[in-house]
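The listed protein sequences correspond, in order, to chains P and G. Convert by adding 1 to the 1-based position in the first sequence; the result is the number in my numbering. Convert by adding 487 to the 1-based position in the second sequence; the result is the number in my numbering. A virtual CB, placed ideally from N, CA and C, is assigned to each residue, including glycine.
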Amino acid sequence: MTDSSSRPNRDSLEWTPARMLSRLDGDVELAQQLAAIFVDEYPRMLDRLRAALTSGVADDVRRAAHALKGSVSNFIDGGPTTTAFELENRGRSGQLEGTSAVLDRLERELAALSTSLRQFQSKGAPPGRES
Amino acid sequence: MIEALPRRSRVLVADDTESVRSLFERLLRSDGHDVISAADGHAALDAIQRDRPDVVLLDVEMPGMDGLEVCRRLKSDPATRLTPVVMVTGQTDLSDRIRGIEAGADEFLSKPVHPQELRVRVRSLSRVKHLIDALDSAEAAFVALALTIEARDPSTNGHCERLAQHAVRLGRALSLGDDDLDALHRGGYLHDVGKIGVPDAILLKPGPLTPDEFALMKRHPQIGDSLCAPLQSLRRVRPIVMCHHERLDGSGYPSGLSGSEVPLLAQIVGIVDVFDALTSERPYRVALTPREAGRYLERQAQSGKFSQHHVEAFLDTLGAAETLAS
């Protein structure tokens, strides 16, 4: 039986440029620029979160997860945003047991999102999916 | 009435996440603003001091010094306290919002920020800041005018500044609040701004005024009040300008108010105005010592022109060195 904490959030697989472009008033160039920055910056944010979880300092976990949530929420409501929020709450409450599985899930979700964003960067908005 | 002319706004974006800064920078620049960025709280404070932004966007969570502390410091500095601050929080972070309100934040935005909401908030707060700046400029012009009037009479050199200091000291001794102390400080400079309407021949006359000349001189509080009336920011100063020559026994001018009809702040400025006039040299008389001037004020209080309590408090503030030396 699969542990629910390690199961990928379905939303992470459903990222499309449509919602993001809608929020950015159809500005494809801006969306691609943000995607490029995120793909570059998220591994460092993930490293910071991983280090915080390893150290076991709950407030560091909360801060690192909060920063990652703020960054990834520009692209997607659920998936990694939800998972980062879950880790932020774990940090806030000081309950860090079992968070390694949640971190694994977050890494997979971010990897999937990153792949989608790289494709978007290279191809731009697919025809008919801007809105 | 004064209106703010349209101009580009300078906006500070403080967030430790590069993608968030980039998004804000891009959106705000496309809306015609100049944008400064800071990646942590200390850099944000440096940028505020150096660049004097019109609007500040602060992420709550930042390394070193968080956005709440930056906001608190910005709002406690008289030079920056009127700069609008937008705190950027997570959608679910109610406690951050409450702490942001306590820190003095003016507005809030939730992440992920909707571009249109960001633009509208910043435009709106920029307009507010430009109006504040325009009012500040108008008030600065008024103070310059008051100092110019003072400069017409060399014997009153420094009177406005001393009056402001004395009035604030007495206000503190009477446990007045910050708003009243601020009004006393500004009123110290502006109380005689209406003398712009008094000819030099009367203002500088080295001797007693004729009844007609005195009647003209007595118009200066009303002239000053009319000058200050269009400025909403001077609403607490106007009673000082209008009533600082009123006396509790009804013998003052321009309205002959008595007792509690005389506004408290005007009573305070009235006392320190008389003291400073008496201790300054005039072409037609030598300056009194602080002790002599203090005795004069006590006699005026005994005759009902000033509050005895206020005069005693004022003389106490001067301290032994000033009141007893001579």
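Closer than 8 Å at the beta carbon, the chain P residues around residue i
i, result
"His601/G", "Arg24"
"Asp667/G", "Residues of chain P passing the Cβ test: none, with the nearest at roughly 42 Å."
Reference residue i; option with closest CA among the options
i, options, result
"Gly519/G", "Ala526/G, Arg778/G, Phe511/G", "Phe511/G"
"Thr84/P", "Asp61/P, Met46/P, Asp48/P, Glu108/P", "Glu108/P"
"Pro708/G", "Pro698/G, Val680/G, Arg734/G, Gly806/G", "Val680/G"
"Glu98/P", "Asp78/P, Ala59/P, Met21/P", "Ala59/P"
"Gln96/P", "Met21/P, Ala37/P, Leu54/P", "Leu54/P"
"Lys792/G", "Gln754/G, Ala780/G, Ser496/G", "Gln754/G"
"Pro571/G", "Asp583/G, Val600/G, Ile535/G, Arg586/G", "Ile535/G"
"Arg778/G", "Thr804/G, Cys715/G, Asp623/G", "Thr804/G"
"Arg786/G", "Phe762/G, Tyr740/G, Ser767/G", "Phe762/G"
"Arg497/G", "Val507/G, Glu505/G, Leu515/G, Ser509/G", "Leu515/G"
"Ser613/G", "Ser745/G, Val542/G, Ile727/G, Thr766/G", "Val542/G"
"Val73/P", "Asp623/G, Val600/G, Asp521/G", "Val600/G"
"Gly674/G", "Asp593/G, Thr504/G, Ala627/G", "Ala627/G"
"Glu637/G", "Met574/G, Asp687/G, Ala625/G", "Asp687/G"
"Leu752/G", "Leu765/G, Glu768/G, Leu735/G, Thr766/G", "Leu735/G"
"Arg106/P", "Gly80/P, Ser94/P, Gln120/P", "Gly80/P"
"Asp699/G", "Glu548/G, Val685/G, Leu499/G", "Val685/G"
"Val655/G", "Val756/G, Leu714/G, Leu744/G", "Val756/G"
"His797/G", "Leu663/G, Arg725/G, His678/G", "Leu663/G"
"Val547/G", "Leu677/G, Ile585/G, His617/G, Val749/G", "Ile585/G"
"Pro693/G", "Gly591/G, Pro741/G, Glu768/G", "Glu768/G"
"Pro18/P", "Ser94/P, Leu104/P, Asp78/P", "Asp78/P"
"Met729/G", "Ser742/G, Ser738/G, Pro717/G", "Ser742/G"
"Gly781/G", "Leu802/G, Ser790/G, Cys715/G, Arg706/G", "Leu802/G"
Residue-chain proximity (residue i, chain G), Cβ-Cβ < 8 Å
i, result
"Ser115/P", "no"
"Gly71/P", "yes"
"Leu54/P", "no"
"Leu31/P", "yes"
"Asp12/P", "Its pLDDT being 45, under 50, Asp12/P is placed unreliably in this model, and the value from its coordinates should be taken loosely. No, because no Cβ of chain G sits closer than 8 Å to the Cβ of Asp12/P."
"Phe121/P", "no"
8 Å Cβ cut-off: residues of chain G touching residue i
i, result
"Phe39/P", "Ser506"
"Gln34/P", "Ser509, Arg513"
Under 9 Å by beta carbon: chain B residues contacting residue i
i, result
"Glu42/P", "Here chain B cannot be found, since the structure's protein chains are P and G."
Closer than 8 Å to chain P by CB, residue i
i, result
"Glu556/G", "no"
"Gly746/G", "no"
"Gly757/G", "no"
Interface partners of residue i on chain G, CB under 9 Å
i, result
"Ser74/P", "Gly577, Gln578, Lys598, Pro599"
Interface residues of chain P facing residue i [CB-CB closer than 7 Å]
i, result
"Glu548/G", "Arg64, His67, Ala68"
Closer than 7 Å at the beta carbon, the chain G residues around residue i
i, result
"Leu107/P", "None at all; the shortest Cβ gap to chain G is about 16 Å."
"Leu1/P", "Because chain P spans 2 through 132 in this model, residue 1/P falls outside it and cannot be assessed."
The stretch 718-732 of chain G / the stretch 662-676 of chain G touching (three or more Cβ pairs under 8 Å)
yes
Does the stretch 629-639 of chain G come into contact with the stretch 650-667 of chain G, if we say contact requires no fewer than three beta-carbon pairs (one atom in each stretch) closer than 8 Å?
no
Mind listing, in chain order, the continuous beta strand (DSSP E) runs of no fewer than 3 residues lying wholly within the stretch 532-568 of chain G?
542-546
Does the stretch 597-604 of chain G come into contact with the stretch 649-656 of chain G, if we say contact requires no fewer than three beta-carbon pairs (one atom in each stretch) closer than 8 Å?
no
Extract the residue ranges of the alpha helix (DSSP H) inside the stretch 746-793 of chain G, only unbroken runs of 4 or more that lie entirely within it.
751-765, 777-789
Please go through the stretch 612-682 of chain G and give each complete alpha helix (DSSP H) segment of 4 or more residues, from N-terminal end onward.
646-660, 665-677
Inter-stretch contact (C-beta, 8 Å, three-pair minimum) for the stretch 21-33 of chain P and the stretch 549-560 of chain G:
no
Below 8 Å, how does it come out for the stretch 547-556 of chain G and the stretch 513-532 of chain G: are there three or more Cβ pairs, yes or no?
yes
What are the start and end residues of each continuous alpha helix (DSSP H) run of 4 or more residues lying completely inside the stretch 36-121 of chain P, in chain order?
59-73, 81-94
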